[in-house]
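Below is one structure, written out as structure tokens; the observations come after it.
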């Protein structure tokens, strides 16, 4: 519940996005994340809400990790999630987010988190914080 409230607040605030460098390559018109994204890749990014790390059903941090080959792996609050990440300039997209199917008492946080991840199209890193946007609207905030 708290996550949905905070995400709504983030969605109302438009923030500017700084450009990020990219590698060349993929035939889809998008570029798979590369080693040049070292501050983005191979780092566990913990979901933050009101400056507190969000905890899942079992007490573990809700988080994502993006590997050098562009894959997203993470924990959404109950289930493990995974996706292929693609990058085109300063845009980032996660298509077809999959996950394990463990039955948990309440999946509202998890459902909101994965739904919002699907709509992300841009990111920005400031220090140890990662911001995901849709256009200029901030959707999610992470810390490492």
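In our numbering, the protein residues as written are 110 to 253. Just so it is clear, CB atoms sit at the ideal spot from N, CA and C, and this is done for glycine as well. Just so you know, these numbers come straight off a predicted model, no measurement behind them.
Counting C-beta neighbours from all protein chains within 10 Å, is the total for residue 196 16 or more, i.e. buried, or is it exposed? Label assigned to residue 196: buried.
What's the gap between the Cα of residue 82 and the Cα of residue 216? Since the first residue of the chain shown is 110 and the last is 253, residue 82 is not available in this structure.
DSSP bridge partner residues for residue 182 (one or two, in chain order): Under the DSSP definition of a beta bridge, residue 182 partners with 174, 191.
Residue 200: first and last residue of the uninterrupted beta strand (DSSP E) it sits in: For residue 200, the enclosing beta strand (DSSP E) covers residues 200-208.
Residue 179 to residue 205, Cα distance in whole Å? Each residue's alpha carbon lies about 13 Å from the other.
Could you tell me the distance, in whole angstroms, from the CA atom of residue 239 to the CA atom of residue 209? Roughly 25 Å between the two C-alpha positions.
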